[in-house]
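So the structure is just underneath, and the comments pick up after that.
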Amino acid sequence: MADLVFLFKKTKKVPFTFTDSHIEQIAKAARGKVYRFETENELLESGIKAEILFTWGGTGEMPVRYCKSNPNLKWFHSFSAGMDPVMKSEIAD
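The numbering used here applies: residue 350 is where the sequence shown begins, and numbers increase by one.
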């Protein structure tokens, strides 16, 4: 069982739409609590330190502060194609 943060806000750069049904399916797979945020600032203010971060990695705008401040983070899941932007960011360290 792992808690999961779903960090997502639809923009022109991020053309996906996620419904409550999608979030419910993610919660079943994670078998933990799922927290949903639109911005990294909201996430940081919440104080939540989830084991899984599910976000868009394709724009190059990475949640670096959250990743560096979360000792519980074990899995960064990008739902964009390819991990190059993630691996070229400070998160890769």
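Quick reminder that beta carbons are idealized off the backbone N, C-alpha and C, glycines included.
Per DSSP, Val363 lies in no beta strand (DSSP E) segment and is marked neither H nor E. Residue burial annotation: Pro364 is exposed, with fewer than 16 other C-beta atoms found within 10 angstroms of its C-beta.
For Leu353, the uninterrupted beta strand (DSSP E) run begins and ends at Leu353 to Leu356, by DSSP. Within its own chain, the residues whose Cβ lies closer than 8 Å to the Cβ of His426, once the five positions on either side in sequence are excluded, are Ile401, Leu402, Phe403 and Thr404, listed in chain order. Across the structure, Lys377 and Met350 are spaced so that their CA atoms are roughly 10 Å apart.
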